[in-house]
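For the sequence shown, full-length UniProt numbering assigns the number 301 to the last residue and increments by one with no breaks.
Ideal placement from N, C-alpha and C gives every residue a C-beta, glycine not left out.
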Amino acid sequence: MVVLSSGRAIKDVLDKNGLATSDRFQPYTLLHAEGIYQIFDPASSHRWKAMRKATHTLLAPEALRSYWGSQQTEYLRLLHDVLESPEDIFTHIKRTTASIMTTLIYGKSIPHYAGSKAELFFEGTKCINELLAPFDHPPLDFFPILRHVPERWAPWKMLSKKTKRIRDAFDQDIFLQCEEAVQAGKRAGCFVENVLETKVELGVNRDEVRAMGRVLLDAGTETSASFLHSFVMAMACYPEVQSKAQAEIDQVLRNDQLPLLEDYDDLPYLQALIKEASNFHRSSHRSYMVSNYRSSIDSDL
């Protein structure tokens, strides 16, 4: 394992030499369930480059501003749901982040959680996390012969089948609806529709377009929900900080007005609070002790 411990080392290795160093490890358990998952493709491959080109239009700064309206609608719905049933706040957050992403990617919102696409998505995500859990499965990537063990002695194969079934059930119909909208000329302007229209120019097929939608949904839904969960827990643990942030909002805005993204620059304490919330309950470890580790004090590795 190589650890980069300075900004200069990170820039030299990952930025300046990104083409040679940005490839990700390809986990067999996940690819066995998903088939195609572009973020694990080599950065030099056509499929990875096509996905990067396609997602650029979705994530460009000017495009992000156009999403503010739909996001504001979802967050207003979140506030309403929390007022109605505060005990389900974490479920409401998951519905909100899933609905924002499905609107951008498939042109479909999710008004409720129970029995919805949001619930199905997080069920599939739980299966993926179990597939990727360290040391829970045989070292298939290092000893490929283990991939041929019969299913009755390989629980990971049953989990892989379950994951594929749930993930296919999630996007099969909404992806088909996007295809039908493009063919009928009744586009909603979502990401999948745009890529389907340009798939010939991009040099990708139907399955690869479908996989792009999944990758983006995975990237934006669970991470956003985890951050908001952490923020809520932080505010519950530190009510005095919450009161100070509320006082800043009340000072800048009228009491009957909700803060919008346009007000963000005028709320420096809230900005700092949002940044700090990402450190409150990280999805990855903060630090850990490595036994018998030695490095010179000036080393970048």
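Beta-carbon proximity of residue i to residue j, cut-off 8 Å
i: Pro42; j: Asp141; result: no
i: Gly213; j: Val192; result: yes
i: Leu30; j: Ile128; result: yes
i: Ala33; j: Thr163; result: yes
i: Leu78; j: His92; result: yes
i: Val252; j: Asp265; result: no
i: Phe175; j: Ala234; result: no
i: Tyr269; j: Ala245; result: yes
i: residue 302; j: Pro138; result: With the chain covering only 1 through 301, there is no way to say anything about residue 302.
i: Glu222; j: Ile36; result: no
Length of the line joining the Cα atoms of residue i and residue j
i: His229; j: Gln71; result: 17 Å
i: Pro61; j: Cys190; result: 16 Å
i: Arg65; j: Leu58; result: 11 Å
i: Ala154; j: Gln242; result: 49 Å
i: Glu276; j: Phe231; result: 9 Å
i: Arg24; j: Gln183; result: 36 Å
i: Ser5; j: Ala118; result: 38 Å
i: Ser160; j: Gln38; result: 18 Å
i: Glu87; j: Arg47; result: 44 Å
i: Lys186; j: Val2; result: 50 Å
i: Pro239; j: Ala63; result: 36 Å
i: Asn255; j: Lys157; result: 56 Å
i: Thr73; j: Ile274; result: 20 Å
i: Ala68; j: Ala133; result: Note that residue 68 is Trp in the sequence shown here, rather than Ala. Rounded to whole angstroms, Trp68 to Ala133 spans 35 Å at the Cα level.
i: Ser291; j: Phe135; result: In this prediction, Ser291 has a pLDDT of 44, which is less than 50 and means its spatial position is unreliable; what the coordinates show is noted afterwards. Distance between the alpha carbons of Ser291 and Phe135 is about 20 Å.
i: Glu151; j: Arg8; result: 47 Å
i: Glu197; j: Lys11; result: 36 Å
Beta-carbon separation (whole angstroms), residue i vs residue j, contact threshold 8 Å
i: Ala50; j: Gly220; result: The Cβ separation is near 19 Å, so there is no contact.
i: Leu19; j: Ser44; result: 7 Å
i: Ser99; j: Ile89; result: That belief does not hold up - the Cβ atoms of Ser99 and Ile89 are roughly 16 Å apart, past 8 Å.
i: Leu267; j: Ile249; result: 7 Å
i: Lys94; j: Tyr113; result: 7 Å
i: Ala54; j: Val195; result: 5 Å
Enclosing alpha helix (DSSP H) for residue i [first to last residue]
i: Glu193; result: 191–197
i: Leu131; result: 117–132
i: Glu74; result: 68–84
i: Glu180; result: 155–184
i: Ala225; result: 206–237
i: Gly18; result: 18–21
i: Tyr269; result: 268–280
i: Arg52; result: 46–59
i: Ser99; result: 89–106
i: Gly7; result: 7–10
i: Glu34; result: 28–34
Candidates the options, of which the one nearest residue i by Cα
i: Lys108; options: Phe170, Pro155, Phe135; result: Phe170
i: Ser226; options: Lys186, Ser278, Ile36, Ile10; result: Ser278
i: His56; options: Leu216, Tyr106, Pro150, Ile36; result: Leu216
i: Arg206; options: Tyr238, Gln172, Pro239; result: Gln172
i: Glu180; options: Arg95, Ser22, Tyr106; result: Tyr106
i: Ser22; options: Phe40, Ser6, Gly35; result: Phe40
i: Phe122; options: Ala236, Ser224, Ile10; result: Ser224
i: His80; options: Thr96, Phe25, Gly69; result: Thr96
i: Asp218; options: Ala188, Arg152, Val182, Thr102; result: Thr102
i: Gly124; options: Phe135, Val82, Asp168; result: Asp168
i: Arg52; options: Ala247, Gln257, Ala211, Ser116; result: Ala211
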